[in-house]
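See structure below.
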Amino acid sequence: MSLSSAQWSSVQVALKGQVGEEDFNSWLSSLRIASEQTDLERVALSVPTRFIQDWVDEHYGDIIQKSISETLQRDIAVTYVVKPVMEAEVVAPQEKVVEVKGELASTSEDRNKQSVSAAGSSDTDLEVLANSGRLDPRFTFDTFVTGKSNHFAYAAAQRIAESDVTVYNPFFLHGGVGLGKTHLMHAIGSKIKERNPNRHVVYISAEQFLNYFIKALKGRSTLAFKEAFRAADVLMIDDIQFIAGKGTTQEEFFHTFNALVGMGKQVILTADRPPHELDGIEDRLRSRLGAGLTCEIHAPDVETRQAILEKKAEETGLKIPSNVTLFLADGIDSSIRELEGALNRLAAYAQLSDVEITLDFAQEQLKDLLRVQKKQATIEEIQHKVADYFDVRLADLLGTRRLREIARPRQVAMYLSKRLTSKSYPDIGRAFGGRDHTTVMHAVRTIENLLSREPDLAEKVELVEKVLTTHR
Ligand code: ADP
Ligand code: MG
């Protein structure tokens, strides 16, 4: 005795109750009782793809097995067989065949809305896709700040956007989180649209690609899915590490990719790592991904980070002094997204409390982000930071040259060493190339006097002190 359809229905109800409507619809609704039932201890279920099989087995295998066992009041093993929907379609009853034909017919008529919406249950998604190119208008070349870290990627992106022939295919952009990959990708898309509004630019995240594809499989609209993508003049898929190793989806992506590249259409991809480091991707695909131009976006240096902050502030009309942007740029080096977050927060707080943004205010408001803690600076750190911020070489700072441009920062470093560490005057003297302790005392007094008279110097010293006592 195998599972009757009434029993299967009650299993389905039970499963829906356990996993929730949404997950059930995403993953379990396509399960069927397979036609081949071999023995009494076993129930075979069919799934449309290998990928769904793996997913279901891994995530829901246990509860499905329990639920069926309870219904049949025996201990039952569950097996899965893959029955591709398209294949099933061809042998299905008459009206289904017509549906398949309709799909084929409409797709040959190019990609108008009608053809896509004739495709079946996931039509709205595909419609969106067909008219896609929902590009963020803020992410343009103009708003992208360049520096050493991203100059090459920027130049390549611009070249692609402004060229009428396909110069690099695919263009593969990779780099860490929040370094501007998506921004550049949107910039390319917008520029292409601007130059030629008729070009069909499809932008999609790999995660959406995966979701659409699974929906298409279940809604029996894979042909429309394929066509929707293959109709693109420019296909941009963001974060493709997400589909690496996802069997069927990866396979579909590969075919789409080959088809487009074969037709000379531009393909642009981003990932958090270079092609050769993508796990779970077949070699043939990996080598083709790297066959065009591969570019890395590196983490920006402190000057570029500051420039980005100033650009964002300018865009939003925010008044923020440069010592504060420098303070932020120096303290947050993880990602530009975080940097932006900090800026937005400051802007919001300043507006709410109707105050101006100052260094103190920034330090206070961003405590958690900057992990403010009165940390003990070392003389060495002080020397490095002072050299950095006062733009002198460390060797000069520690050397004996008496030029004022060097002597002044040296005195600042001594002053801060006295202020921020527990070292004695003689200790500090030794750390500065074996100077006498009276020299250090003199330096400290000089700077103390200057601070009240030279606001520029005072501001700089305050900034370095904040940086030294705040940042990790
Ligand atoms: P990724 O896709 O690499 O994770 P995003 O492109 O989403 O990063 O960038 C994160 C945020 O940082 C976005 O708001 C983006 O505008 C901004 N950003 C990144 N790099 C730059 C840059 N060079 N100039 C201006 N803004 C940038
Ligand atoms: Mg991104």
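Here the sequence shown is numbered in numbering that gives the first Met the number 0, starting from 0 and rising by one per residue.
The C-beta atom is built at its ideal place from N, Cα and C for all residues, glycine as well.
Span of the alpha helix (DSSP H), counted from its first residue to its last, around residue i
i: HIS441; result: 436-452
i: LEU338; result: 335-351
i: ASN24; result: No alpha helix (DSSP H) holds ASN24; DSSP gives it neither H nor E.
i: PHE224; result: 221-229
i: ASP278; result: Per DSSP, ASP278 belongs to no alpha helix (DSSP H) and is neither H nor E.
i: GLY360; result: According to the sequence shown, residue 360 is Phe rather than Gly. Taken as a continuous stretch (DSSP letters only), the alpha helix (DSSP H) holding PHE360 covers 358-364.
i: ASP426; result: 424-430
i: ARG415; result: Note on residue identity: the sequence assigns Leu, not Arg, to residue 415. Its alpha helix (DSSP H) spans residues 403-419.
i: VAL18; result: 4-18
i: VAL391; result: Counting along the chain, VAL391 falls outside any alpha helix (DSSP H), and DSSP gives it neither H nor E.
i: LYS180; result: 180-194
i: ALA160; result: 150-161
i: GLN249; result: 246-261
Short Cβ contact (7 Å threshold) for residue i with residue j
i: ILE75; j: ILE67; result: yes
i: LEU134; j: SER189; result: yes
i: THR78; j: THR247; result: no
i: ILE378; j: VAL411; result: no
i: THR181; j: ASP237; result: yes
i: LEU467; j: ALA457; result: no
i: PHE552; j: ILE242; result: With the chain represented from 0 up to 471, any question about residue 552 goes unanswered, as that position is not in the structure.
i: LEU345; j: ALA361; result: yes
i: ILE296; j: ALA152; result: yes
i: VAL463; j: VAL354; result: no
i: ARG194; j: ASP232; result: no
i: ILE381; j: SER416; result: yes
i: ALA156; j: LEU183; result: yes
i: ILE32; j: TRP54; result: no
i: ILE159; j: PHE171; result: no
i: GLY428; j: VAL439; result: yes
i: ILE239; j: ALA186; result: no
i: VAL260; j: ASN168; result: yes
Beta bridge counterpart(s) of residue i as assigned by DSSP
i: GLU313; result: Answer by DSSP bridge pairing: none, since GLU313 is not bridged.
i: ILE32; result: LEU44
i: ILE236; result: ILE203, LEU268
Start and end residues, beta strand (DSSP E) containing residue i
i: GLU295; result: 292-296
i: ILE267; result: 265-270
i: ALA76; result: 76-81
i: PHE171; result: 170-174
Residue i versus residue j: straight-line alpha-carbon distance, rounded
i: LEU365; j: TYR211; result: 40 Å
i: LYS245; j: ALA306; result: 39 Å
i: GLN249; j: LEU368; result: 38 Å
i: LEU396; j: VAL200; result: 55 Å
i: GLY496; j: VAL301; result: Outside the displayed span of the chain (0 to 471) sits residue 496, for which this structure offers no information.
i: THR357; j: ASP426; result: 34 Å
i: PHE208; j: TYR388; result: 47 Å
i: GLU86; j: GLY316; result: At GLU86, the pLDDT of 29 sits below 50, so the modelled position is not reliable; the number obtained from the coordinates is stated separately. About 59 Å.
i: ALA349; j: LYS311; result: 16 Å
i: ARG41; j: ALA290; result: 48 Å
i: ARG400; j: ALA406; result: 7 Å
i: GLU276; j: ASP359; result: 44 Å
i: PRO408; j: THR142; result: 36 Å
i: ASP38; j: THR70; result: 17 Å
i: THR255; j: ASP329; result: 43 Å
i: ILE203; j: PRO136; result: 16 Å
i: SER421; j: ASP435; result: 18 Å
i: ASP163; j: LEU222; result: 29 Å
i: ALA506; j: PHE224; result: The chain is shown only over 0 to 471; residue 506 falls outside these bounds and no answer can be derived.
Near the ligand NAD: residue i beta-carbon under 6 Å from a heavy atom
i: VAL144; result: Within the structure as shown, the ligand NAD is missing, the only ligands being the ligand ADP and the ligand MG.
Open item on the list: Residues around the ligand MG, please: the condition is that the C-beta lies closer than 7 Å to some non-hydrogen atom of it.
Closed with: LYS180, THR181, ASP237, ASP238, THR269
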